[in-house]
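The working numbering applies: residue 1440 is where the sequence shown begins, and numbers increase by one.
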Amino acid sequence: MNGETWKATLVLLGLMSLSILAINLVPQQETLVPLATLRALEEAGLVGEVHAGPEELSVLLTEAVSIRSERARMRTNAVRLVRSDSTRTFEKIWADRGILIFSPEGARAPMRGEWVLIGLLVAGCSFAVIKAQRDRRNGSIRKQIEDLKSAYDCGAIDESEYSKRLAELTPYM
1440 MNGETWKATL VLLGLMSLSI LAINLVPQQE TLVPLATLRA LEEAGLVGEV
1490 HAGPEELSVL LTEAVSIRSE RARMRTNAVR LVRSDSTRTF EKIWADRGIL
1540 IFSPEGARAP MRGEWVLIGL LVAGCSFAVI KAQRDRRNGS IRKQIEDLKS
1590 AYDCGAIDES EYSKRLAELT PYM
């Protein structure tokens, strides 16, 4: 591999690593749980922070736990519960401990998967623009190969030079 191929490989590897890190930073979806599960989590001391919305409670746990839902068993660090008269006692306990946070109506989590998609879209568009500028300056790889073939057909270069240059351009196809 020549230097340009190594650079391209390292750049792509870096972009893939950054994408994976960004996706891991996106918060997980909250698992909807019944009141009995929330009671068990509270008794185990796993409740870290509670966001109270107008219709539901979002509970961030201090550590990831395995919870059985209606569909499957899943590992999560956030659960969701519909607010009702039954949750009022928990809300009072959490307010006294200072971990209950009231969220305004219509509030959203600050970071969602949309930002990752927007970042990938910007990176892709940037790559396309840079590639177009390079092709306009140096000609595309296909154009360079076509020029090389015409130079060989005219006799401007010999077969060994043609084979050498063609081998250099082929990996970029």
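Each residue gets a CB set at the ideal place from its N, CA and C atoms; glycine is no exception.
Owing to the predicted nature of the structure, the values given are computational and were not obtained by experimental measurement.
Problem set entry | Endpoints, alpha helix (DSSP H) assigned at Arg-1581 | First-last of the alpha helix (DSSP H) with Arg-1581: 1580-1593.
For this session: Take every Cβ of the region 1486-1506, pair it with every Cβ of the region 1523-1543, and state whether three or more of those distances are shorter than 8 Å.
Result: yes
For this session: Report the rounded CA-to-CA distance for Val-1486 versus Arg-1514, giving the unit in angstroms.
Result: 15 Å
Exercise. Nearest CA to the CA of Glu-1530: which residue from Val-1498, Ser-1589 and Glu-1502?
Worked result: Glu-1530 has its Cα closest to that of Val-1498, out of Val-1498, Ser-1589 and Glu-1502.
For this session: For Arg-1512, name the three-state secondary structure that DSSP assigns.
Result: strand
Exercise. Just how far apart, CA to CA, sit Ala-1546 and Ala-1567?
Worked result: At Ala-1546 the pLDDT is 48, less than 50, meaning the model places this residue with poor confidence; the figure from the coordinates comes in the next sentence. C-alpha of Ala-1546 to C-alpha of Ala-1567: approximately 36 Å in a straight line.
Problem set entry | Buried/exposed call for Leu-1622, threshold 16 Cβ in 10 Å | Any property of residue 1622 remains undetermined from this structure, which presents the chain solely from 1440 to 1612.
Problem set entry | Option in Thr-1609, Ser-1589, Val-1555 and Tyr-1591 with minimal Cα separation from Ser-1456 | Val-1555
Exercise. So the beta strand (DSSP E) Thr-1501 belongs to, where does it begin and stop?
Worked result: 1495-1507
Problem set entry | Exposed unless 16 or more other CB atoms sit within 10 angstroms - verdict on Thr-1501 | By the 10 Å Cβ count, Thr-1501 comes out exposed.
Problem set entry | Own chain residues within Cβ distance below 8 Å of Asp-1586, not counting five before or after | Only Gly-1578 meet the Cβ criterion.
Exercise. Would you call Trp-1533 buried or exposed, if buried means 16 or more other Cβ atoms sit within 10 Å of its Cβ?
Worked result: buried
Exercise. Assuming Val-1506 contacts Val-1472 under a Cβ cut-off of 8 Å, what Cβ separation, rounded to an integer in Å, is found between them?
Worked result: In the sequence on display, residue 1506 carries Ile and not Val. Ile-1506 to Val-1472, Cβ: 6 Å. Contact.
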